[in-house]
Amino acid sequence: MDRSPYTPQERSTQDWLLALAPYRTPSHKRSFLELLVTGGLFVSLWIAAWWSLSVSYWLALAFCVPAGVFLMRLFMIQHDCGHGAFFRTKSLNDWVGRTLGVLTLTPYDVWRKSHAIHHGTSGNLDKRGTGDIDTLTVQEHAELRGWRRLAYRLYRSSLVMFGIGPAYIFFIRNRLPLGFMRSGSRFWISAMGTNVTTVLGIGVMIYLLGLTPFLQIYVPTTLLAATIGIWLFFIQHQFEDTYWARDEDWSLKDAAFGGSSHFDLPQPFRWMTANIGIHHVHHLSARIPYYRLGQVLRDYPELASVKRLTFRQSFATLKLGLWDERAKKLVSFSTRHH
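In the numbering used here, the protein residues as written are 1365 to 1702.
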């Protein structure tokens, strides 16, 4: 493979796409193994949490934590299916993705469309609003009045973003094909099909386990998975020196290498999060299966330092809320006038 000693920005978008093309072919053996291991661990931990209810609810909650992590990892597999990256055939990607969508409370076809728009518009100031986290410019925020300004401040607060937001998105918002209500029947079929299958599955589980034991495990596990997912998505694009540009100046390479972070987690957390922290490479070539992203960094070590963000550094992103077009960086509400 090509390992020419260029910095990432010195290569053209086409050069990078050609260089990364060999990594785009999934291995069915590896993909099925990833699915089996992740799904098996999730089910085992869920059963362990349920069994622990007879001992202590605190012990059950302790099992809910890793169960939530592996539910989030199943979402990452669904994510790769949505990009056509997990299997070599579209039908296999789609049906595995739809099945996992029942567990993750995410209608697959609706999410896949929204996420594709996100990939095509990430960092584009003129195409905000679909599949991303709402981000206003300093000027736009200054023009807001009354409750609109308050609503945006609340939306960007950690309490709403990571406390209320995950429950709203996965329990409520995902129940309808919002954003695609008039875009064809397939989005309604996706949302309603996921809803019906989810209700049937929950009904069976309540019949087998009882209402209270089911809710004691299901709610914290699902909420934790949702919160981790929102947190990861937030820090992948909402960091100080991220990238935003007007449509005429926007490019895929700049959005990937400038507006997507490398959340450099140590093992085993990188494995647990399905390499989603290598987000800059993912945004440049979304067809690369997550289990090949680590090899990309090993083969192209110059990519490891691009927009690198450590776990400790990631907490500094929480105070950011506005894009300063003059300074070309995200700023906090308290520094917007400086």
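Built from N, CA and C at the ideal position, the CB exists for glycine as well. All of these numbers come straight from a predicted model, not from anything done at the bench.
Among the options, the one whose alpha carbon lies nearest that of residue i
i	options	result
F1535	V1474, R1512 and V1583	V1583
L1467	Q1442, R1375, K1454 and F1633	Q1442
P1430	S1554, S1376, A1413 and A1555	A1413
P1653	R1388, R1375 and L1381	R1388
L1400	L1464, I1553, L1381 and W1614	L1464
G1487	G1623, S1549, L1423 and L1694	G1623
V1433	A1638, A1506 and E1666	A1638
T1674	T1501, E1666, I1642 and F1450	I1642
H1479	V1502, G1448 and E1507	G1448
A1383	G1404, A1668, R1539 and L1648	L1648
T1485	A1620, L1661, Q1677 and S1669	A1620
A1668	A1680, F1627 and S1696	F1627
A1650	T1402, D1444, E1398 and K1393	D1444
A1590	M1525, Q1631 and G1548	M1525
Cα-Cα separation, residue i to residue j
i	j	result
S1522	P1390	37 angstroms
D1379	F1578	51 angstroms
M1483	L1425	This sequence places His at residue 1483; Met is not what is there. Whole-angstrom Cα-Cα distance: 36 angstroms.
D1663	N1457	27 angstroms
Q1659	M1556	39 angstroms
K1617	I1581	42 angstroms
M1636	R1690	38 angstroms
A1609	L1409	44 angstroms
T1707	R1546	In the structure as shown, the chain starts at 1365 and stops at 1702, and residue 1707 therefore has no counterpart that could be examined.
K1477	V1568	30 angstroms
Y1472	G1461	6 angstroms
W1552	Y1571	28 angstroms
N1559	T1699	43 angstroms
S1416	R1537	32 angstroms
A1385	S1376	14 angstroms
E1507	G1543	25 angstroms
R1512	T1681	23 angstroms
P1541	V1474	6 angstroms
T1562	R1539	10 angstroms
Under 7 angstroms between C-beta atoms of residue i and residue j
i	j	result
S1625	K1671	yes
I1313	L1596	The requested residue 1313 is not part of the displayed model; the chain covers only 1365 to 1702.
D1611	D1490	yes
L1435	F1396	no
V1645	L1657	yes
T1470	I1481	no
G1510	I1594	no
Buried or exposed (CB count within 10 angstroms, at least 16 for buried), residue i
i	result
D1498	exposed
R1437	buried
G1574	exposed
L1684	buried
W1687	buried
D1613	exposed
P1369	At P1369, the pLDDT of 35 sits below 50, so the modelled position is not reliable; the number obtained from the coordinates is stated separately. Classification for P1369: exposed.
I1342	Residue 1342 lies beyond the stretch modelled for the chain, which goes from 1365 to 1702, so this question has no answer here.
R1520	buried
Endpoints, alpha helix (DSSP H) assigned at residue i
i	result
L1381	T1377 to L1384
L1564	S1549 to L1573
K1477	Y1472 to T1485
L1682	Premise fails: L1682 is in no alpha helix (DSSP H) and is neither H nor E.
N1639	Neither: N1639 is in no alpha helix (DSSP H) and is coded neither H nor E.
A1668	Where A1668 is concerned, there is no enclosing alpha helix (DSSP H), given that its DSSP letter is neither H nor E.
E1746	Residue 1746 falls outside the range modelled here, since the chain spans only 1365 to 1702, and no answer is possible.
Q1503	V1502 to E1507
Residue i at chain C interface by Cβ criterion, 7 angstroms
i	result
G1565	Of the chains in the structure shown, none is chain C; there is only one protein chain.
Unbroken beta strand (DSSP E) run spanning residue i, endpoints
i	result
K1617	Run containing K1617: none in the beta strand (DSSP E); it sits in the alpha helix (DSSP H), L1616 to G1623.
S1649	No beta strand (DSSP E) contains S1649, which DSSP labels as neither H nor E.
K1693	K1693 to S1696
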